[in-house]
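Only one structure is covered here, and it is reproduced in the block below.
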Amino acid sequence: MLEDLRRKEVDRAMKKGIGQNLLLCWLITVLGIVVNIFHTLADRIVMSLGRPATQAGILISVYAIGSLCSVLLSSSLADRIGKRRVIAAALSVMAVGFLIVPASSVFVPVLIGMFLFGFGFAPSEAMGSALLGDENPEKAAAWMNISQAGFGIGAILGPLIAIAWISAGNAWRGPFLLASLLSVSLLLMIILTGRGRMAPAVSSARQSMNMFELLKDKRFVFLVAMMFLYIGYESVAPAYVKQYFVDVGQGESLASLMISLFWGSMIVGRLLGSLLVGRELKSIRVYTAFALLGILLLILGKTPLLRILAVGLFGFGCGPVWPMLVTLAARLFPLRSGAAVGMMMLASMAGFTVFPFLIGNLPANPTVTFICCGVLTALLILVSGFAGRGDAKEKASA
121 MLEDLRRKEV DRAMKKGIGQ NLLLCWLITV LGIVVNIFHT LADRIVMSLG RPATQAGILI
181 SVYAIGSLCS VLLSSSLADR IGKRRVIAAA LSVMAVGFLI VPASSVFVPV LIGMFLFGFG
241 FAPSEAMGSA LLGDENPEKA AAWMNISQAG FGIGAILGPL IAIAWISAGN AWRGPFLLAS
301 LLSVSLLLMI ILTGRGRMAP AVSSARQSMN MFELLKDKRF VFLVAMMFLY IGYESVAPAY
361 VKQYFVDVGQ GESLASLMIS LFWGSMIVGR LLGSLLVGRE LKSIRVYTAF ALLGILLLIL
421 GKTPLLRILA VGLFGFGCGP VWPMLVTLAA RLFPLRSGAA VGMMMLASMA GFTVFPFLIG
481 NLPANPTVTF ICCGVLTALL ILVSGFAGRG DAKEKASA
């Protein structure tokens, strides 16, 4: 009798755990949808306010500033007050931002809405990922890859939703209201399923709020450097793949399809990466080698079929690198996983800020851009060797 009760209790706990994991994966998927709705409609927003489409970059910059500020404020705080509370607060802020943007007809309130969107977005993704790691310490990489595969699906669905809405003759505001509803629904689900889970796993009044202290660990520095390099080539890939195909005369339709192929290949890479639990660092090297092969084939390939294959290899090689790096960072600091993942988000945003201009806009030549991407992938493999040595020394000393 007692054994049956224990078995039922374990089954209930397992079902509840899987439910929470799926909820967090859905959170990351929704974030992929809403951020890509924004990127698709950014030019229409500024044009509706009587400004040129080129000023869409201002909205992106304000969104990025909001993300940066919130990561700095929330990452270490989440380790004190609980990641669920930070996610709930971030979703609330994001929902308000999504309401302000379509309700505004002048530029300044739209900028405020974009800032709030960014302010809520970054902690939602960072702490959602960190929480998945906390709740699945032995399968963190698996669930991290699954959740980021969801983000990739969202990256495909977001533009489709926005374009379908606009093509039906509707104003751009509708998808932002949908984004707000999605944010509120997620907020309610996080709160309603958070009974007994809203408190931090470990609370310490003496725990430092300085997330940069983690950089004292050399292994962590290597992981941060790898994230920075990875974002360098991943951030430019979709847009410049399209430009490259247009430049070599493949046509606008095929060039646009290459963006979907890139994201689709990333999703496949992440789903396969979810099976490689415990082999993250070696897997990063292998996947990055696939990306490097794809880049070389893209530059040197002379036929459409080879170039299409190159895009597939490039996307596949990018696939699980981000979630695996985040997993490794959180594993280094189990009691400060919020701060660790926050630092990785900062490295991501730094790469996203620097490299599109440095290797994209500055050379203004897709071939040169992809040569730079190849250099970054080679550097990442090199740095991963130093990170591996740090792991080996740690195991030997233990």
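The working numbering numbers the first residue of the sequence shown as 121 and each following residue consecutively. Note that CB positions come from ideal geometry on N, CA and C, so glycine has one too.
| Query | Result |
| --- | --- |
| Buried or exposed: where does residue 236 fall if 16 or more other Cβ atoms within 10 Å of its Cβ makes it buried? | buried |
| Considering only C-alpha positions, which residue in the set 393, 408, 331 and 223 is nearest to residue 353? | 408 |
| Got a sec, what are the start and stop residues for the alpha helix (DSSP H) residue 402 sits in? | 400 to 420 |
| Under a three-way DSSP split, which group does residue 224 fall into? | coil |
| Determine contact between the segment 478 to 492 and the segment 356 to 363, defined as no fewer than three beta-carbon pairs at a distance below 8 Å. | yes |
| Going along the chain, which unbroken runs of the alpha helix (DSSP H) with 4 or more residues stay wholly within the segment 150 to 222? | 176 to 201 |
| Quick one: what's got a C-beta closer than 7 Å to residue 525's C-beta in the same chain, skipping five residues either side? | Residue 525 is absent from the structure shown; the chain starts at 121 and stops at 518. |
| Given that a residue counts as buried once 16 or more other Cβ atoms are within 10 Å of its Cβ, and exposed if not, what is residue 265? | buried |
| Our contact map puts residue 403 next to residue 396 with C-beta atoms below 8 Å; I'd like the distance itself, whole angstroms only. | 5 Å |
| Is the beta carbon of residue 244 less than 7 Å from the beta carbon of residue 281? | no |
| Any idea if residue 278 is buried or exposed, counting beta-carbon neighbours within 10 angstroms, 16 or more meaning buried? | buried |
| Would you mind reading off the limits of the alpha helix (DSSP H) that contains residue 313? | Taken as a continuous stretch (DSSP letters only), residue 313 belongs to no alpha helix (DSSP H), as it is neither H nor E. |
| Would you report the Cα separation of residue 457 and residue 145, rounded to the nearest angstrom? | 18 Å |
| Restricting to Cα atoms, I'd like to know which of 415, 468 and 491 is closest to residue 188. | 468 |
| Quick test of the definition: if touching needs 3 or more C-beta pairs under 8 Å, does the segment 254 to 265 touch the segment 428 to 447? | yes |
| On the DSSP letters alone, give me the boundaries of the alpha helix (DSSP H) that residue 367 sits inside. | 338 to 367 |
| Would you identify the three-state DSSP class for residue 396, choosing helix, strand or coil? | coil |
| Can you tell me which of the three DSSP states residue 141 falls into? | helix |
| What does the alpha-carbon distance come out to for the pair residue 260 and residue 254? | 8 Å |
| According to DSSP, simplified to helix, strand and coil, what is residue 453? | coil |
| Roughly how many whole angstroms lie between the Cα atoms of residue 461 and residue 148? | 15 Å |
| Identify the continuous alpha helix (DSSP H) that holds residue 268 and give its terminal residues. | 260 to 287 |
| Please list, in chain order, all residues of the same chain as residue 293 whose beta carbon is under 6 Å from its beta carbon, the five residues on each side excluded. | 222 |
| Consult DSSP for residue 302 and reduce its assignment to one of helix, strand or coil. | helix |
| Since residue 182 contacts residue 214 with CB under 8 Å, what's their CB separation in whole angstroms? | With a Cβ gap of about 14 Å, residue 182 and residue 214 do not count as contacting. |
| Taking contact to mean at least 3 C-beta pairs separated by less than 8 Å, is the segment 388 to 395 in contact with the segment 433 to 442? | yes |
| The alpha helix (DSSP H) spanning residue 435 covers which residue range? | 424 to 438 |
| DSSP three-state call for residue 481: helix, strand or coil? | helix |
| Under the rule that 16 or more other beta-carbon atoms within 10 Å means buried, what is residue 242, buried or exposed? | buried |
| Tell me which same chain residues have a C-beta within less than 8 Å of the C-beta of residue 159, skipping the five on either side of it? | 180, 278 and 279 |
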